[in-house]
Amino acid sequence: MLQNYEQKSTEIRQAFHKLKEQQPNRLRQRLELSWSNWGFGMESLADTAKRLSRYGIKYIELHGNHYGPDLGYRPAEASRILQDYGLQVSGVCGMFSRENDLSSNVAVQRQAAIDYIRRETEFTAEAGGSYLLVVPAVVGRPGKYDDMEWARSIDTLRLAADSFTQCGVKGAIEPIRAAETSLVHTVAEAQAYMEQLNHPGVRHLNGDVYHMQVEENHIGEALLQAGGQLVNLHMADSNRGALGTGHMDLDTIIMALYLMGYNREGCFVTPEPLGPGGDPYPAMYGNPDKETLDALVRQSVSYFRHREQILTAASFEGHAGDDAGGHCPANITNKPSL
Numbered sequence: 000m001l002q003n004y005e006q007k008s009t010e011i012r013q014a015f016h017k018l019k020e021q022q023p024n025r026l027r028q029r030l031e032l033s034w035s036n037w038g039f040g041m042e043s044l045a046d047t048a049k050r051l052s053r054y055g056i057k058y059i060e061l062h063g064n065h066y067g068p069d070l071g072y073r074p075a076e077a078s079r080i081l082q083d084y085g086l087q088v089s090g091v092c093g094m095f096s097r098e099n100d101l102s103s104n105v106a107v108q109r110q111a112a113i114d115y116i117r118r119e120t121e122f123t124a125e126a127g128g129s130y131l132l133v134v135p136a137v138v139g140r141p142g143k144y145d146d147m148e149w150a151r152s153i154d155t156l157r158l159a160a161d162s163f164t165q166c167g168v169k170g171a172i173e174p175i176r177a178a179e180t181s182l183v184h185t186v187a188e189a190q191a192y193m194e195q196l197n198h199p200g201v202r203h204l205n206g207d208v209y210h211m212q213v214e215e216n217h218i219g220e221a222l223l224q225a226g227g228q229l230v231n232l233h234m235a236d237s238n239r240g241a242l243g244t245g246h247m248d249l250d251t252i253i254m255a256l257y258l259m260g261y262n263r264e265g266c267f268v269t270p271e272p273l274g275p276g277g278d279p280y281p282a283m284y285g286n287p288d289k290e291t292l293d294a295l296v297r298q299s300v301s302y303f304r305h306r307e308q309i310l311t312a313a314s315f316e317g318h319a320g321d322d323a324g325g326h327c328p329a330n331i332t333n334k335p336s337l
């Protein structure tokens, strides 16, 4: 008898097989890979773009680093660098610390969050991105201030939300595990948050499979629940490392994405392997190790595309992961490469 999670995975696999047999054209377009660059630390955008281009990535999710009017990427300069390497901006990863916390009980910190969102939506539009990620409460503070956090967060975001519609940018709420933040940990909670916010500029979701491993009953099931609201999906393996170095069930995630029609324009799968720990934000200030970052990108892209190719093109007799011989190409390993 299957375990509960195995039963859910089996149902997704069976639905995917049916889709492949009856509507094979829906599998022709591949999922679009992007990469979130804030975990690359203080590396120059040119060096990052060169690396991503080398491994076949066409999109980048830029670090939302406009912490003040004089700080952060300049749209014209960033666009020129990215164009030189054939990259486009998928969106911007909003960064919410204690200094710009939507849920804070300190008014100046909420005002800083409003100002930050307005700067980032303007930049996202100018850089050609389609979404800005929003976290309802500070990342790195799991303990709540008080019982009014939820209401303060919504009221504060509502004051900034018009900037999304004015700039033509999708506001995407990101659920984060309870070990890192005090509010909105699941897809269902993000949907409830957006329903209460009730603003047309904030109607989308950013998923993160690392957080979903802890907070959701089943990742594939939660992705299907997110449905058309999902605009971006952060990826890291179970160890928050490169894809293929942990024990995450990547096949079921890929099948769920195809089932929900995620292989369409404007939807992105975005690796963000940050390593374990309670507060990942220090990574944005790190001194980059280029060989390590090269290996992160190479391993994640090659492993993801390998599993995707098996699922969409190989025979489906038996388990979806049972390809001929069950092996990986020579440049891919199931063992950690870092």
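All letters in the sequence shown, in the order written, are residues 0 to 337 by the working numbering.
In this text, a Cβ means the ideal position worked out from N, Cα and C, and glycines have one as well.
Bridge partners of residue 267, per DSSP? Residue mapping note: residue 267 aligns to position 268 of the sequence shown, counting from 1. Residue 267 is bridged to 31 and 231.
Can you say whether residue 338 is buried or exposed, counting buried as having 16 or more other CB atoms within 10 angstroms of its CB? What the structure shows of the chain is the stretch from 0 to 337, and residue 338 is not part of that stretch, so it cannot be assessed.
Can you tell me the Cα-Cα spacing of residue 295 and residue 272, whole angstroms? The residue given as residue 295 occupies position 296 in the sequence shown. The residue given as residue 272 occupies position 273 in the sequence shown. So the alpha carbons of these two residues sit roughly 8 Å apart.
In chain order, which alpha helix (DSSP H) runs of at least 4 residues are fully inside the segment 111-186? 148-159 and 161-166
Can you tell which of 126, 119 and 56 has its C-alpha closest to the C-alpha of residue 304? Mapped onto the sequence shown, residue 304 falls at position 305. The candidate whose alpha carbon is nearest that of residue 304 is 56.
Which whole-angstrom value describes the C-beta separation of residue 259 and residue 222, a residue pair presumed to lie in contact below a C-beta threshold of 8 Å? One-based indexing of the sequence shown puts residue 259 at position 260. One-based indexing of the sequence shown puts residue 222 at position 223. About 7 Å; that satisfies the 8 Å criterion.
Roughly how many angstroms lie between the CA atoms of residue 316 and residue 95, to the nearest whole one? One-based indexing of the sequence shown puts residue 316 at position 317. One-based indexing of the sequence shown puts residue 95 at position 96. With a pLDDT of 41 at residue 316, under the threshold of 50, the modelled position of that residue is not reliable, and the figure given next carries that caveat. In a straight line, the C-alpha of residue 316 is about 46 Å away from that of residue 95.
Measuring straight from C-alpha to C-alpha, what distance separates residue 210 and residue 174? Residue numbering aside, residue 210 sits at position 211 when the sequence shown is read from its first letter. Residue numbering aside, residue 174 sits at position 175 when the sequence shown is read from its first letter. If you take the alpha carbons of residue 210 and residue 174, they lie about 8 Å apart.
Tell me residue 60's beta-bridge partners as DSSP assigns them. In the sequence shown, counting from the first residue as 1, residue 60 sits at position 61. Partner(s): 35 and 90.
Inter-stretch contact (C-beta, 8 Å, three-pair minimum) for the segment 115-130 and the segment 66-80: yes
Under DSSP, the beta strand (DSSP E) around residue 210 begins and ends at which residues? Position 211 of the sequence shown, counting from 1, holds the residue named residue 210. For residue 210, no beta strand (DSSP E) encloses it; the enclosing alpha helix (DSSP H) starts and ends at 208-214.
Do you know whose CA, among 133, 35 and 39, lies nearest residue 291's CA? Position 292 of the sequence shown holds residue 291. Ranking 133, 35 and 39 by Cα distance to residue 291 puts 39 first.
Residue 198 bridges to which residues according to DSSP? In the sequence shown, residue 198 corresponds to position 199, counting from 1. DSSP lists no partner for residue 198.
Check for me: the alpha helix (DSSP H) holding residue 293 runs from which residue to which? In the sequence shown, counting from the first residue as 1, residue 293 sits at position 294. Looking at the DSSP string, the run of the alpha helix (DSSP H) that includes residue 293 is 289-312.
In the structure shown, what three-state DSSP assignment does residue 203 receive? As a first step, residue 203 must be located in the sequence shown, where it is residue number 204. Note: residue 203 maps to strand in three-state DSSP.
So the alpha helix (DSSP H) residue 53 belongs to, where does it begin and stop? Taking the first residue of the sequence shown as position 1, residue 53 is located at position 54. Here the alpha helix (DSSP H) through residue 53 covers 44-53.
Apply the 10 Å Cβ neighbour rule to residue 1 and answer buried if 16 or more other Cβ atoms are within range, or exposed otherwise. On the sequence shown, position 2 is the one that residue 1 refers to. Counting Cβ neighbours within 10 Å, residue 1 comes out exposed, since fewer than 16 surround it.
I need the DSSP call for residue 24, collapsed to helix, strand or coil. In the sequence shown, counting from the first residue as 1, residue 24 sits at position 25. Three-state DSSP puts residue 24 in a helix.
If you check the beta carbons only, do residue 104 and residue 58 fall under 8 Å apart? Locating residue 104 in the sequence shown gives position 105, counting from the first residue. Locating residue 58 in the sequence shown gives position 59, counting from the first residue. The answer is no: Cβ separation not under 8 Å.
Three-state secondary structure (DSSP) at residue 95? For this step, residue 95 is matched to residue 96 along the sequence shown. Residue 95: coil per DSSP, three-state reduction.
Check this for me: beta carbons of residue 71 and residue 133, under 8 Å apart or not? Taking the first residue of the sequence shown as position 1, residue 71 is located at position 72. Taking the first residue of the sequence shown as position 1, residue 133 is located at position 134. No, the pair does not count as a contact, with Cβ atoms beyond the cut-off.
What residue does the alpha helix (DSSP H) around residue 82 start on, and which one ends it? By one-based count along the sequence shown, residue 82 stands at place 83. Where residue 82 is concerned, the enclosing alpha helix (DSSP H) stretches over 74-83.
Let me check understanding here. Comparing Cα to Cα, which of 283, 306 and 255 lies closest to residue 17? What you label residue 17 is simply residue 18 of the sequence shown in a count that begins at 1. Looking at the Cα atoms, 255 is the closest of the given residues.
Contact check, residue 265 vs residue 233, beta carbons under 8 Å: The residue you call residue 265 lines up with position 266 of the sequence shown. The residue you call residue 233 lines up with position 234 of the sequence shown. In this structure, residue 265 keeps its C-beta atom at 8 Å or more from the C-beta atom of residue 233.
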